[in-house]
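Contents: one structure, followed by commentary.
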Amino acid sequence: MDSRSVAMAKVQHWVAIAGLGLGLALLPSMVQAIPGQSIDEATAWIQSNPTLQPSRGEKLLVRKTATPAQRFTFQALPLQAGRAAPGTGGRAAIRTEELAMFDMINGLTIFRLEESLRAIYGASIYQDYAQASVVFAYPDLSIRGQATNRATPLLAQLQGELREGDRFAYWTEITRRADGYAYMGRLTVFLKEDLPKLEAELRSR
């Protein structure tokens, strides 16, 4: 098998996982890169993660492209979720991890994001997310009204939710076209102490 065929096989493997959210979800739990760990720990976990399969040279940012209309990224950041801001304390640690998907061909659902979360992190983190309390969901009627008054329809096309779990906080967001077709989304895992900041930003935008 030549190098091009190998690369295509890897892309097809990723599409199967990202599209169905299965494959590796049933494997035993592994050491996880989760917010609060050091940059070195997160880098080592990403390198060994069988779902992410980073290319040579990729460390805290992993990109996968099936076609120009189908893309996936995963990144771990030492910054707070939302508007980038450093955390407090002297130790450099990962505060935010985000998986993002763009699919104009098949569309995107919250379920696909959730199943990708389970495939990457395993059952423990997935259960923390599934059992987490919803802190804020949008758009509500006031946001729809603001979008109309400000002539900013994109605000009304964003569907999102903030959750607070026992271990971490979670932010899901889906972008829809005017006709309701969802094509882009992200699911972010971040430190609970950063939740008030992000909630305030989302409520005020």
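Residue numbering for the sequence shown follows the numbering used here, starting at -7 and increasing by one per position. Glycine residues also receive a C-beta, built at the ideal position from the N, C-alpha and C atoms. Computed from a prediction, not measured in an experiment: that's the story for all the values here.
request  = Put S47 into one of helix, strand or coil per three-state DSSP.
outcome  = Residue numbering aside, residue 47 sits at position 55 when the sequence shown is read from its first letter. It is coil, neither helix nor strand.
key: Spatial neighbours of R159 in its chain, beta-carbon cut-off 7 Å, leaving aside the 5 residues before and after   = What you label residue 159 is simply residue 167 of the sequence shown in a count that begins at 1. Hits under 7 Å: D120.
task = Run through the segment 168 to 196 for me and flag every whole alpha helix (DSSP H) of 4 or more residues, listed as ranges in chain order.
result = 187 to 196
request  = Please classify P42: is it buried, with 16 or more other beta-carbons within 10 angstroms of its beta-carbon, or exposed?
outcome  = As a working mapping, residue 42 is identified with position 50 in the sequence shown. Exposed.
inquiry  = Applying the 10 Å Cβ sphere with the 16-neighbour rule, what's the burial state of V126?
reply    = By 1-based counting over the sequence shown, the position of residue 126 is 134. Exposed.
ask   = Going by the C-beta, is G157 closer than 7 Å to any heavy atom of the ligand ZN?
value = As presented, the structure is devoid of all ligands, the ligand ZN included, so that no description of it is given.
ask   = Going by other Cβ atoms of all chains shown within 10 Å of its Cβ, with 16 needed for buried, is S47 buried or exposed?
value = Against the sequence shown, residue 47 aligns to sequence position 55. With fewer than 16 other Cβ atoms within 10 Å, it is exposed.
Sequence-distant residues of the same chain with beta carbon closer than 7 Å to Y118, five excluded per side = Along the sequence shown, read from residue 1 onward, the residue named residue 118 stands at position 126. Cβ neighbours of Y118 beyond the five flanking positions: L109 and R110.
request  = Count the other CB atoms, across all protein chains shown, that sit within 10 Å of the CB of R197; report buried if there are 16 or more and exposed otherwise.
outcome  = Counted from its first residue, the sequence shown places residue 197 at position 205. Exposed, because fewer than 16 other Cβ atoms sit within 10 Å of the Cβ of R197.
request  = For S125, write down the residues that DSSP places opposite it in a beta bridge.
outcome  = In the sequence shown, counting from the first residue as 1, residue 125 sits at position 133. Paired residue(s): E156.
query = Within the chosen definition, does the segment 50 to 57 reach the segment 71 to 79 through at least 3 CB pairs nearer than 8 Å?
reply = no
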